[in-house]
Structures are given as structure tokens and as C-alpha cells.
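Novice: The structure that follows is given in the form of C-alpha cells.
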Amino acid sequence: MKKSYKNFIYLLLCIPFTWYAWELSRDNINGAVSSTSKIASDVGIDILQQGGNAFDAIVATGFALAVTSPSNGNIGGGGFLVAHTADGKSVSLDFREKAPRLSYQQMFLNENGDYDRAIALESHKSSGVPGTVNGLLKILNDYGSGKLTLEEILAPAIHYAENGFIVNTTTAYSFNAYRDQFGKDDGTKKIFIKENEWTNGDVIVQKDLAKTLRLIAQFGNKGFYEGETADLIVEEMNKNGGLITKQDLLDYDSVYRAPVVGTYKDHTIISMGPPSSGGALVIQMLNTLENFDLKSMKRNSTEFVHLLTETQRLAYADRATHLGDPDFWNNPIEMLTSKEYAKERLTLISMNTATPSSEIAHGTWEDKESMETTHYSVMDKKGNVAGITTTLNLSYGNKKVVDGAGFLLNNEMDDFSSKPGVGNAFGLIGFDANAIQPFKRPLSSMTPTIVLNSNNEAILTVGAAGGARIITAVLQILVSILDHGLEIDEAIDTPRTHSQWLPDQIFYEKESLSKKTIQELKELNHTLEPAKYSIARSHGIQLKNGKFITGSDKRGSRDGNQASTY
Numbered sequence: 257m258k259k260s261y262k263n264f265i266y267l268l269l270c271i272p273f274t275w276y277a278w279e280l281s282r283d284n285i286n287g288a289v290s291s292t293s294k295i296a297s298d299v300g301i302d303i304l305q306q307g308g309n310a311f312d313a314i315v316a317t318g319f320a321l322a323v324t325s326p327s328n329g330n331i332g333g334g335g336f337l338v339a340h341t342a343d344g345k346s347v348s349l350d351f352r353e354k355a356p357r358l359s360y361q362q363m364f365l366n367e368n369g370d371y372d373r374a375i376a377l378e379s380h381k382s383s384g385v386p387g388t389v390n391g392l393l394k395i396l397n398d399y400g401s402g403k404l405t406l407e408e409i410l411a412p413a414i415h416y417a418e419n420g421f422i423v424n425t426t427t428a429y430s431f432n433a434y435r436d437q438f439g440k441d442d443g444t445k446k447i448f449i450k451e452n453e454w455t456n457g458d459v460i461v462q463k464d465l466a467k468t469l470r471l472i473a474q475f476g477n478k479g480f481y482e483g484e485t486a487d488l489i490v491e492e493m494n495k496n497g498g499l500i501t502k503q504d505l506l507d508y509d510s511v512y513r514a515p516v517v518g519t520y521k522d523h524t525i526i527s528m529g530p531p532s533s534g535g536a537l538v539i540q541m542l543n544t545l546e547n548f549d550l551k552s553m554k555r556n557s558t559e560f561v562h563l564l565t566e567t568q569r570l571a572y573a574d575r576a577t578h579l580g581d582p583d584f585w586n587n588p589i590e591m592l593t594s595k596e597y598a599k600e601r602l603t604l605i606s607m608n609t610a611t612p613s614s615e616i617a618h619g620t621w622e623d624k625e626s627m628e629t630t631h632y633s634v635m636d637k638k639g640n641v642a643g644i645t646t647t648l649n650l651s652y653g654n655k656k657v658v659d660g661a662g663f664l665l666n667n668e669m670d671d672f673s674s675k676p677g678v679g680n681a682f683g684l685i686g687f688d689a690n691a692i693q694p695f696k697r698p699l700s701s702m703t704p705t706i707v708l709n710s711n712n713e714a715i716l717t718v719g720a721a722g723g724a725r726i727i728t729a730v731l732q733i734l735v736s737i738l739d740h741g742l743e744i745d746e747a748i749d750t751p752r753t754h755s756q757w758l759p760d761q762i763f764y765e766k767e768s769l770s771k772k773t774i775q776e777l778k779e780l781n782h783t784l785e786p787a788k789y790s791i792a793r794s795h796g797i798q799l800k801n802g803k804f805i806t807g808s809d810k811r812g813s814r815d816g817n818q819a820s821t822y
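Just so we're aligned, residue 257 is where the sequence shown starts under our numbering, counting upward by one.
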């Protein structure tokens, strides 16, 4: 009886926004959406089926993720868009969170001058000024089809917030895992804690979030950065020692940046520039790898992993010394992404032994993004392609909900360097280029990427969640597709390794390396460590032979492929 009741509720919740999906045959030639939530992916498909384009769909998907994937989807965080339009224009939008005007360099240090993890990750002081709403609305206004109103774009998200959605196994597990942390905040407790543990099939309702989304649907940016929602944000800050002011909210604006563009063999690679480091590093590493015959190297063989490690070591050392917020730091992107520079750095790679990181460079940097970033992508049949990577930083941000507004706050301020010379959870060291400063955007590893073929047609969009591991995951997926001929779902599923500059180690998923390969890498003077967590979680779409193929990472999911096509 209980199961029948849940099935009835499921049908009741899904009918308004999925009848298109049932009525039309999904033959994979019209469009595709890949995200961490099947509900959100279906929302994007419904928008495409109503005549919207990829930009309409990615905005609708983004708002739906704020409801159905609250650990990473958000309206209280920020992110990056990389897109390629049907008429051949490449676009990147920076809607990363900004440091409030009251922020200061030592704000996460205790009375002894030491980094205080609790303040940096769990306090209201850890929140940067949110950029997601401004960014999504700018995308819709500038590149949407114009066929759908803002109210129509937000209608699915409002529906699932107001009436609830079915919790799947992955979400139930996540809610239960964070129960103790949710219990520390009254606003969070009201939404994410119930008397018994969450189970697959439960329904979660978010009335306050629905109200906030309605205000955005009605008033656009003013529905979030001004008026009632802004008042609630500032009240939440004032009551709890946060730093965001009304003026911070009024002043926030997302920024179009020049995408970083490179070539790999006969393909064009388009990715995000600073304050993301990911695009520049991916292109730099591809430029290096282009000098080797990767097709002849077996994926995850000793030779392949050694070369990958040495290439990544060089790129991450450069990231350490050269990259920061472009509004505050001079980034030598042209140098880092040039073929000539890659050839110069080749002299530092030996195929016979590992080069100690201490002999490469002496820069320092910091990256504290967690696995709880999320990437989502849309491709439509007209040739529009859009990919967004977005985050609250850690899972559920700082676990604080804006009371009365129903959304979680980010703890993105911890992405800055709190104290030069102090290592973080990844063993990485802080650097002045990424020091806390009012109005600044923290350096990021988010790497939304698009690949064009020799005819300048978009054939692939991919990105990942996973902090420092994002960049190396995207690199390995690109190599698997472009060199080894895998399709995107196979490329994403292939076990991965990760290495950077410091710590001087190779981290590996247990399925990735054989005992023989591990021993041979040790003989080349590498230090290896089994990865404690999955090496990033990736989502993407590939267009091959006129059909869309979706890739939805199994890592971190207990519910199968969350992507949709039609």
C-alpha cells in the first residue's frame, strides 16, 4: 500500500513537466541534456521540446538543479558558462562569487594567527556574494530563443520546490550523511531533517525556495538582489556575523570573459579562462601531449600514466605562480597556451624517470573546491552548445539556509588563500595571487569545455566536479575520445589517475592501475597513493554521426544515468 501511494505521488509530481517526453520518441537526434539530476535533465529536454534553444534549456536546468540537487545545484553560489552558438560564436561567462566589501586577508585566522577551519567552512563569514541568479538570467537574456518567458523557464523549478520531488537513493543517502551538520542551523534543519531517515521514494517540499524562485520569475535580478530576498540575506548575515551587505548584492554583476582557445591535432578546444585555471591548463597539457603518440599508448599503462603525470606536474606548477582573478592579476594566458611554450617545457620531461616537483618550480597555490561542484551541459539540433560548472564549494555550502528564502549559502570564501604557506586538505599551499581581497573572485579549477571538429562544428561538451581533480579528469576524457576513440560515456567511465605539482604523488582509483603498473611506476621514482575519493565526477554530451550520446558519471551516484535526450 505504501509503495502504491508513493507511485501515485510520483505520477502526480511528474505529470506537469514530462508529458512531452512521453509523447515524443526519443531518437537522440534533436537535443540532449546531461546533469547530476534526472529530473533537472528532463526539465531541460522539455524546454527544448517547447521550441527553446540550448540556452533556454540550460537556464531551466540550472534552476531545477537548485531544487532537486541541493548539495551542488544552487542559487546561492556561482559558476562559469562556456558556450558555442549555432552561428559560430564562442562565449564564456564568469558568474563566480565575489568577496564582500567587508572581507579582509586575515578573516579566517584565529587569535594565534592560525587558519581556523570552522570559521572558513562553517560560518556565515565564509559566504561570498552569490552570482548564480545573475549569471543564469544574463545567459537567458542574451542568448535565449525569446520564445519562452522567464516565468515559463522557472515554472518547472517552482513546481518541484512548491509541490515536492521524489528523493532518489543518492539524495537520500546524502541527506542522511549530513544530518548532524544540518541540525546546527534552524533554517537548514526545517528543510533537510525529518523524524526518520530519508529513503528512496520520500518527497521533499521547499516552500520558501518556491517563493524565492517566484520572485525571480516575476522581477528578474531584482527578485533576488533587491527587495524581500535581499532583505532576508542581509538579515541572515547580520544575525550570524556574515559580511554580505545590501550594497554587495546591488553591485554584483557577472562578467563575459574571453574564452581560452587552443587546438589539439585537427580539433579546436574552447574552455574557461581566469578566474578559472582549468581552461589554460587543459590546453597547455594538450599542447605538451600533442608531441607524443598517445594512440600507441594503452590507456593507464605505465608509459601513459608516467607521461600524464609529468605533463600535469609542469602545468600545475605554472598554475601556482601565474594565475588569479584577471581583475586583480595579470595572467599570461597567451604564453601558457602557446605551442612554443609547451615545446620549451618538453625538455623537463624524461620518459625514464619521474622529475621531483622541487626541481620544476617554486610557486605556491591553493584550491579548496570539493567534489560538490556540479557540471551540466545542453546541445540542441541547431548547433548551440552550452556547458555550466557551478558550485556552493563544499557539499551544501556552509550548511546554512537563508531563513525565509529557502536556499543554501556558499562557503566559497575558503577558496581564497587564507594564509600564505599553509597547506589545505589537498596538501596545497596558499599564494598571494589568490589572497582574500574585497570584490575579488577566488581562483577556481572548474573547466567547462567544448570541442569543435575541423569544420568548426561543436561535437563535444564536457566538465566535471572535484576541485583540483577537475582539470585532470577533463584532460583524460578528452584524450580518451580524441586519441583512443572512445565515446563519451565510455571515456567518463574509464578509471582515472590524478597528479598535480604538490603533493608530489600519483593518486589513483583502485580499478585504474594493475599491480604490475604500480610497481613499474614506483621503479620510475613515482610515489603512489590510492585515492580516498572518486577522481572527479563528470558529465557531458557528444554529437557523433548525427546522434547525441550522453555521459553521466557513475561516481558518487547510486541511481544510474541522469542525462536525457530526445
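Cβ coordinates follow ideal geometry from the N, Cα and C atoms, glycine included.
CB-CB under 6 Å to residue 399, same chain, minus the five flanking residues each way: which ones, in chain order?
Specialist: Locating residue 399 in the sequence shown gives position 143, where the first residue counts as 1. Here the set comprises 311.
Novice: Could you spell out where the alpha helix (DSSP H) holding residue 361 opens and where it closes?
Specialist: Locating residue 361 in the sequence shown gives position 105, counting from the first residue. Segment: none, residue 361 is in no alpha helix (DSSP H) and carries neither H nor E.
Novice: Could you work out which residue in 809, 812, 803 and 816 is closest to residue 283 when comparing CA atoms only?
Specialist: By one-based count along the sequence shown, residue 283 stands at place 27. Comparing Cα-Cα distances from residue 283 to each of 809, 812, 803 and 816, the minimum goes to 803.
Novice: Just grab the DSSP bridge partners of residue 334 for me.
Specialist: Along the sequence shown, one-based indexing puts residue 334 at 78. Note: residue 334 sits in a beta bridge opposite 647.
Novice: Would you decide whether residue 607 is buried or exposed? Buried here means 16 or more other CB atoms lie within 10 Å of its CB.
Specialist: By one-based count along the sequence shown, residue 607 stands at place 351. It counts as exposed.
Novice: To which residues does DSSP link residue 513 through a beta bridge?
Specialist: The residue given as residue 513 occupies position 257 in the sequence shown. Residue 513 pairs with 348.
Novice: Out of curiosity, what's the CA-to-CA distance linking residue 276 and residue 298?
Specialist: The residue you call residue 276 lines up with position 20 of the sequence shown. The residue you call residue 298 lines up with position 42 of the sequence shown. Bear in mind that the predicted position of residue 276 carries a pLDDT of just 35, short of 50, making it unreliable; the figure below should be weighed with that in mind. Cα to Cα, the separation comes out at about 10 Å.
Novice: In the DSSP assignment, find the beta strand (DSSP E) that holds residue 785 and state where it starts and stops.
Specialist: On the sequence shown, residue 785 is found 529 positions in, with the first residue counted as 1. 784-786 is the extent of the beta strand (DSSP E) around residue 785.
Novice: Measure the C-alpha to C-alpha separation of residue 308 and residue 401 and round it to an integer number of angstroms.
Specialist: Residue numbering aside, residue 308 sits at position 52 when the sequence shown is read from its first letter. Residue numbering aside, residue 401 sits at position 145 when the sequence shown is read from its first letter. Their backbone Cα atoms lie some 6 Å apart in a straight line.
Novice: Do you know offhand how far residue 618's Cα is from residue 573's?
Specialist: For the purposes of this step, residue 618 is taken as residue 362 along the sequence shown, with counting starting at 1. For the purposes of this step, residue 573 is taken as residue 317 along the sequence shown, with counting starting at 1. In this prediction, residue 618 scores a pLDDT of 37, lower than 50, which makes its location untrustworthy; the coordinate-derived value is nonetheless stated afterwards. Between residue 618 and residue 573, the C-alpha separation is close to 7 Å.
Novice: Taking the beta carbon of residue 346 as the centre, do at least 16 other beta carbons fall within 10 Å, making it buried, or is it exposed?
Specialist: Translated into positions along the sequence shown, residue 346 becomes position 90. Counting Cβ neighbours within 10 Å, residue 346 comes out buried, since at least 16 surround it.
Novice: Taking Cβ to Cβ, would you say residue 532 is nearer than 8 Å to residue 669?
Specialist: The residue you call residue 532 lines up with position 276 of the sequence shown. The residue you call residue 669 lines up with position 413 of the sequence shown. Cβ distance not < 8 Å, so residue 532 and residue 669 don't count as in contact.
Novice: What are the boundary residues of the alpha helix (DSSP H) that includes residue 597?
Specialist: Here residue 597 refers to the residue found at position 341 of the sequence shown. Start and end: 595-601.
Novice: My guess is that residue 819 and residue 288 are in contact by the Cβ rule of under 8 Å, so how many angstroms apart are they, rounded?
Specialist: Position 563 of the sequence shown, counted from the start, is the residue given in the question as residue 819. Position 32 of the sequence shown, counted from the start, is the residue given in the question as residue 288. Rounded, the Cβ-Cβ distance is 7 Å, consistent with contact.
Novice: Write down the C-beta distance between residue 319 and residue 469 rounded to the nearest angstrom, noting that I regard them as a contact closer than 8 Å.
Specialist: The sequence position of residue 319 within the sequence shown is 63, counting from 1. The sequence position of residue 469 within the sequence shown is 213, counting from 1. Contact holds; Cβ gap of about 7 Å.
Novice: If you check the beta carbons only, do residue 447 and residue 662 fall under 8 Å apart?
Specialist: The residue labelled residue 447 in the question sits at position 191 within the sequence shown. The residue labelled residue 662 in the question sits at position 406 within the sequence shown. Taking 8 Å as the Cβ cut-off, residue 447 and residue 662 qualify as a contacting pair.
Novice: Which residues does DSSP list as the beta-bridge partners of residue 714?
Specialist: Within the sequence shown, residue 714 is the residue found at index 458, counting from 1. In DSSP, residue 714 forms a bridge with 708.
Novice: Say whether the region 458-466 touches the region 405-420, bearing in mind that this needs 3 or more beta-carbon pairs closer than 8 Å, one atom from each stretch.
Specialist: Touching, yes.
Novice: So for residue 665, helix, strand or coil by DSSP?
Specialist: For this step, residue 665 is matched to residue 409 along the sequence shown. Of the three classes helix, strand and coil, the one that applies to residue 665 here is coil, per DSSP.
Novice: By how many angstroms is the C-alpha of residue 563 removed from the C-alpha of residue 249?
Specialist: Only positions 257 to 822 of the chain appear in the structure, and residue 249 is not among them; the question remains open.
Novice: With a threshold of 16 other CB atoms inside 10 Å of the CB of residue 498, please say whether the residue is buried or exposed.
Specialist: Here residue 498 refers to the residue found at position 242 of the sequence shown. With 16 or more other Cβ atoms within 10 Å, it is buried.
Novice: Give the DSSP-derived three-state secondary structure of residue 720 in the structure shown.
Specialist: Here residue 720 refers to the residue found at position 464 when the sequence shown is read from its first residue. The answer is strand: DSSP assigns residue 720 an E or B state.
Novice: Is the beta carbon of residue 421 closer than 8 Å to that of residue 303?
Specialist: For the purposes of this step, residue 303 is identified with residue 47 of the sequence shown, where counting begins at 1. For the purposes of this step, residue 421 is identified with residue 165 of the sequence shown, where counting begins at 1. Cβ distance not < 8 Å, so residue 303 and residue 421 don't count as in contact.
Novice: Is it the case that the Cβ atoms of residue 527 and residue 705 are separated by a distance below 8 Å?
Specialist: One-based indexing of the sequence shown puts residue 527 at position 271. One-based indexing of the sequence shown puts residue 705 at position 449. The answer is yes: Cβ separation under 8 Å.
Novice: Taking 8 Å as the cut-off, does the region 390-397 touch the region 372-382 (at least 3 CB pairs, one atom from each stretch)?
Specialist: Taking 8 Å as the limit for Cβ pairs, the verdict is that the region 390-397 does not touch the region 372-382.
Novice: Hey, how far is the Cα of residue 471 from the Cα of residue 386?
Specialist: Counting from one through the sequence shown, the residue named residue 471 turns up at place 215. Counting from one through the sequence shown, the residue named residue 386 turns up at place 130. Cα to Cα, residue 471 sits roughly 16 Å from residue 386.
Novice: Going by DSSP, what residue range makes up the alpha helix (DSSP H) through residue 761?
Specialist: Walking along the sequence shown from the start, residue 761 turns up at place 505. No alpha helix (DSSP H) holds residue 761; DSSP gives it neither H nor E.
Novice: Going along the chain, which unbroken runs of the beta strand (DSSP E) with 3 or more residues stay wholly within the region 497-570?
Specialist: The region 497-570 contains these whole beta strand (DSSP E) runs: 511-513, 516-520 and 523-527.
Novice: Please decide whether residue 322 counts as near chain C, where near means a Cβ-Cβ distance under 8 Å.
Specialist: No chain C is present in this structure, which holds just one protein chain.
Novice: Among 761, 728, 772 and 757, which has the Cα closest to the Cα of residue 751?
Specialist: Counting from one through the sequence shown, the residue named residue 751 turns up at place 495. Selected option, being the one with the closest Cα: 728.
Novice: Between 809, 698, 711 and 445, which has its C-alpha nearest residue 343's C-alpha?
Specialist: Working through the sequence shown from its first residue, we reach residue 343 at position 87. Of 809, 698, 711 and 445, the residue nearest in Cα terms is 711.
Novice: Could you check the C-alpha separation between residue 383 and residue 650 for me, to the nearest Å?
Specialist: Counted from its first residue, the sequence shown places residue 383 at position 127. Counted from its first residue, the sequence shown places residue 650 at position 394. Rounded to the nearest angstrom, the two C-alpha atoms are 11 Å apart.
Novice: Go through the region 399-430 residue by residue and report every complete run of the alpha helix (DSSP H) that reaches 4 residues or more, in order.
Specialist: DSSP runs (the alpha helix (DSSP H)) wholly in the region 399-430: 406-419.
Novice: Using 8 Å as the threshold, is the region 541-551 in touch with the region 733-744, meaning 3 or more CB pairs across them?
Specialist: Yes, the region 541-551 is in contact with the region 733-744.
Novice: By the three-class DSSP mapping on this structure, what secondary structure does residue 798 have?
Specialist: By 1-based counting over the sequence shown, the position of residue 798 is 542. Here residue 798 sits in strand by DSSP.
Novice: Please report the distance separating the alpha-carbon of residue 748 from that of residue 767.
Specialist: As a first step, residue 748 must be located in the sequence shown, where it is residue number 492. As a first step, residue 767 must be located in the sequence shown, where it is residue number 511. Roughly 14 Å separates the two Cα atoms.
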